[in-house]
Structure formats: structure tokens, C-alpha cells
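Chains as they are written, first to last, in this note's numbering: chain A, 1 to 307; chain B, 1001 to 1321.
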């Protein structure tokens, strides 16, 4: 980033910032998002306790209600779970994993989708038909179903310890593979338009190799809609991970995401210990809601035609 | 129009081919059909013998063909865990899931469409804004949380409804229904609401968006100019024309309802197909997984085909395409 004041001046005057000022809900959701990301990234520094270090846990402190409920303790603001882990701290760490899985899964979808979309749009012919047909077949299933199957089969096939060790990557893979089609479709359509534009023809005439035209000229011009789709996809990815984890197919209890925390709390719901599941649930809703609101706003702001 | 129908049938066949291929891979290569039948303690000779009678020594494409032949008549082998024929297991669980999904769809349409119409006619009204906010939350809140909140309020705090199971069911032939008993109907309430909240929000937003679009069209102005009542303009002209995309989305949503029913069944321990598949994954019960995949794939393909046909039927413009 440039340090010159003129740059700051220009960014404040930019169209995007002006639009942001017009939309208080988007500003609020962006702020919530920033706070949650900071809490997640800095979890080891700011979490009041270290919930995954068994040495610091005290079973005497298990199942304590939140501080403001009778029987609660000020040390554990949002109460503790059945192992005596501080709920607030597990939420910070849980958000870290939820966000990491969500972002990585969306990136994977983007990489797969953009690559296949570029190939389909650039080469056309049977390659195009093959890729897009494959996409059609996949689209006749809901995303969650595909992620569920990939994840479920992986879990059923692998022995338990290997399963435990690779869970993080398997979940990312399952969600990432389940959601590539929308990116491929967008990029393919854009590529087919861009490759026939004058600038591409000019590059071809000056003997720039095809592959370089594709990556340095066509690719950047297809990425605008991809960014919007990716923002909206992040909410879906975080939610999908939470669902998989809630079903016991996602992150293990030793390395819990928000969904896995809710699963643990669900078993204790009937005995009245609501805080163990409801606070992670609230964090999940806040996270997904602010991603969705911000993504909606971004789509409208960057694409005036939709208004 | 016939080419269009044939093209759709072609793509359905393609989907079914891919799905049954994957189902075959799970059944034959992940699961071990020989162990499935003989158990792990059988001798080597017995195994060889069975491999030959099952045709496992033949090339894969022949095996795939046999798999398809058996799948068409519903023979997916025997569950590892329950030692029962897979088809029987799934059919015994199917009514619970179908009842859940159907009730949720009816509720979603019955509540979502009127809400959408109301918001489209008075987009600036206070009540509309409230509904819109609720629907935004409805789309963002995960289903299992809605279910857990309902359990917390109505089972734990108020003790009105039972948090688990289907209640009493009545057998009609092989179909079991909970709709005919009091406890069965009561047990349906929370799972159905849980499953329907997302669909209600979705349908409401969709109807509202489409209808606002249609209300700006010229033919609405002409209808008003002809002196038709508001009611007739809104319902007979505007709503009708905004329902087309709703049909498509509802079709797709029934598909995803089947997927989300798994979550809902897990929350309420609802004895449907979703709970069955979760247990199958837990115990690496591959025949059940293969059969579920094949049946779900078939179900989705049929839903998509039906939606396309309805579309052709109600929108004459499509027939020319």
C-alpha cells in the first residue's frame, strides 16, 4: 500500500467506499466480520483459557453455567463444557478452524473451477462438452449431498487413526470438490467472450503464445464475477462444514470447529445445559450472516446491472 | 418439443449412468461382497467358490452389467450390520422420510407464497420489513440450530413435545404413517418446522422478487386500465406469472430437502432413511451406502425431469425452444 496522502484521499473518494457508506448493514456486517476474524486468528493470544491443554483443565469446573446465571463463575464468562473447557475460548479456537476450512474449501473450488472453466472456454469442442456435461451431472445433486458422500465414504474407508489425522484435509476436499461448477460456468462464459476480443487478437498477431494470452490477458478479465461468487460461497462453505461436523463426519472433538462444538453440546441439551451448544451456534450464525450480508452487498456494488 | 424432451431424457440417463457407476464402485470395491455373505471365518475354497458363483472373477464391465440388472429390480445385497436385505431396510425407513419431506414442502409453499405476495404488494410496509428480516435470518441460521432451539423451548423448558422419534405409527400395507395418530402428528411438528424454515424464507424471497418484477410489466398496467379489481390483477395476472421460476426452485429444493432431512433426522432421532445412512457410514456398511446413493440419484433425476415437464406444460413459450 502506498503511504502518500493522495492515495488515501483517492480511496476514500472511490465509488466502492461511497457505496459502502450508503449501506449501514454492510458496514455493520463488515465490522462484525473483522472482529470475528481477529478473534479467530489471534485465538491463542486473546482466549482467556487454553481449552485444548489437558493440564489446565479442572473437572471440578465442568458444566458451569455462564457467569450471569446462578452458579456461574466470572472466570468462565460463557460457562464450561463437560470436560471443564471454557466455552468462550473453545469458540475462538472453533472459529479459527471453521474459517480455515471454509476459506481453504472455497479456494479449492475456485482453483478447480477457474482451471476447468478456462480450459473449456479456450479449447471448446469435445473438451468443453465433457467438462460442462460433468458439471451438469454434478449440479443435479445439492452441494451438501456431494460433500456428504465424499466425506462419508472417506470416513468409512479409512482406519480410525488415519481418519483422525486427515480429517481437516478431507473436509476441505469434500466441500471444495462439491462446489466448483458455478465457478467453471462463469469463467467459461467469460473466456469465450474475451478470447475473441480485439486485444486477444492483437496479442495473437504479435505472436504471443496462446497459453500466455490465456493466463496474462484472458484470466484477469474473467476474475471479477469469481470474486463475488467466492464471497457468497464462503458462507455456504462454512455452513456445509458445520453441518458435516454436526453429523459427526467433519472435524473430530479433539480439534473442534463450531459445528463439532455444537454436536458435543447437543448431547447435553436435554439435561438443560444449553450454553454448551447455543453460544457456538450463535457465533456460527453471526459469522455466516455477516458473510452473507457482506457478499450480497459486494455483488450489488460491483455489478450495477443487477440493481 | 420432442427433441427437448429427448434431450432431457438423455441427460437423465447420463446422470443415472454416472451415479450407478459410483454406486457399483462402492458396492464392489470398497465393500467386500464375499465377506458380506460368508462372514470373515470362511475357508479359502468356499471363498473361491462363491467368487465364481457371484461372477466376481469376470471382467469389470460384465460385473457392472450384472450390478445394473440387480439394481433395477432393487437387489442391493445384504447389509453388513443388520444382516437384512438392503432394500427391505430402506423401504422400512422410507415412509418416515417421505412424510417429513412432503409435510415440510406443503408448509413451505403454504406459508412462503402468501408471505412473498404480501411483501411484493407492500414492499415498504413495516410488517414486510419484519418478514424480510426474519427470512434473512431464516436463510442464514443452520437447520440443526433451529431444531435444537425448538427442542430447548418445547421439550426441555415447556415439556410440550417429545424431542425424539416418530410417536405411534399406523401400518398401511408396507407403508407406516404417523399422520393418523395424535402422538404421530405431534412428533411431526418440530421436525417439519425445522426442515421448512429455510424453504419458507427461500420461497418468500423468490416470490417477492419475481412478483415485483412482473408488477412493473405493461400487461399489469393494461389490466388496471381495463378496470379489473386489485385482487384480480394481483392474483390472476401477477402471481400466476411469477410462479414459473418458483416451480423450478421448489423442484430443486425438494432435492435438497432430502439432503437436509439427514440433518433433521439426526437432531430428532427420526427413524428415516437419513439416520440409516448415517449409521451405515459409522459402521462402513457399504451395500447400504451404495443403495442409498443409487436411490437418491434416481430420485433427483426424476424430480428434475418432472420439473422440466411441468415447465413445458405450463409455459407454452418453452415448447418452441
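Heads up, the beta-carbon is just placed ideally off N, CA and C, and yes, glycines get one too.
- Counting only runs of 3 or more residues that sit fully inside the region 142-194 of chain A, no beta strand (DSSP E) segment turns up.
- Collapsing the DSSP output to three states places residue 80 of chain A in a strand.
- Around the Cβ of residue 48 of chain A, a 10 Å sphere holds fewer than 16 other Cβ atoms; the residue is exposed.
- In the three-state scheme derived from DSSP, where H, G and I count as helix and E and B as strand, residue 1085 of chain B is classed as strand.
- Secondary structure at residue 86 of chain A: strand, using DSSP grouped into helix, strand and coil.
- Against chain B, a Cβ distance below 7 Å from residue 176 of chain A picks out nothing, because the smallest value is about 18 Å.
- Sequence-distant Cβ neighbours of residue 1160 of chain B in its own chain, meaning closer than 6 Å and more than five residues away, are 1154.
- When DSSP reads this structure, residue 1078 of chain B sits in a beta bridge with B:1085.
- Interface annotation for the region 282-301 of chain A against chain B: 284, 285, 288, 289 and 292, criterion Cβ-Cβ distance under 7 Å.
- Contact note: residue 1142 of chain B reaches chain A through 239, 242, 243 and 284, using a C-beta cutoff of 7 Å and chain order.
- Neighbours of residue 137 of chain A across chain B, judged by C-beta separation under 7 Å: 1014, 1015 and 1018.
- Counting along the chain, the unbroken beta strand (DSSP E) around residue 1176 of chain B starts and ends at 1175-1177.
- Around the beta-carbon of residue 1140 of chain B, 16 or more other beta-carbon atoms lie within 10 Å, marking it buried.
- By the Cβ test, the region 241-255 of chain A is in contact with the region 1135-1152 of chain B, since at least three Cβ pairs between them sit closer than 8 Å.
- Below the 9 Å Cβ cutoff, chain B contributes no neighbours of residue 110 of chain A, its closest Cβ being approximately 22 Å away.
- Per DSSP, residue 1247 of chain B is one residue of the alpha helix (DSSP H) stretching across 1244-1268.
- DSSP places residue 1058 of chain B outside any beta strand (DSSP E), giving it a letter other than H or E.
- The region 106-114 of chain A and the region 192-211 of chain A do not touch, with fewer than 3 CB-CB distances between them shorter than 8 Å.
- Residues of the region 1021-1032 of chain B with a Cβ closer than 7 Å to any Cβ of chain A, in chain order: 1026 and 1030.
- Pairing residue 249 of chain A with residue 1274 of chain B, the inter-Cα distance amounts to about 14 Å.
- A distance below 8 Å separates the beta carbons of residue 247 of chain A and residue 1266 of chain B.
- Boundaries of the alpha helix (DSSP H) around residue 1143 of chain B: 1143-1150.
- Taking the Cα positions, residue 257 of chain A is about 4 Å away from residue 94 of chain A.
- By the beta-carbon neighbour count (other beta carbons within 10 angstroms, threshold 16), residue 1306 of chain B is exposed.
- With a cutoff of 8 Å on beta-carbon distance, residue 1086 of chain B and residue 1217 of chain B are scored as not near each other.
- The Cβ atoms of residue 253 of chain A and residue 264 of chain A lie closer than 8 Å to each other.
- In this model, residue 117 of chain A and residue 188 of chain A are separated by some 4 Å (Cα to Cα).
- By the Cβ rule, the region 87-102 of chain A counts as touching the region 278-294 of chain A, because three or more pairs are nearer than 8 Å.
- The beta-bridge partner set that DSSP reports for residue 1172 of chain B consists of B:1175.
- When rounded, the separation of the alpha-carbon atoms in residue 166 of chain A and residue 1238 of chain B is 53 Å.
- Contacts with chain B at 8 Å (Cβ-Cβ) do not include residue 34 of chain A.
- Under the three-state reduction of DSSP, residue 1125 of chain B is assigned to coil, being neither helix nor strand.
- Cβ-Cβ distances below 7 Å link residue 1108 of chain B to 1196, 1199, 1200 and 1203 in the same chain, with the five nearest sequence neighbours on each side left out; the list follows chain order.
- Between the beta-carbon of residue 1247 of chain B and that of residue 1311 of chain B there is about 6 Å, and that keeps the pair under the 8 Å contact cut.
- Judged by their CB atoms, residue 1294 of chain B and residue 1019 of chain B are nearer to each other than the 8 Å cut-off.
- By the C-beta density criterion, residue 1023 of chain B is buried, having at least 16 other C-beta atoms within 10 angstroms.
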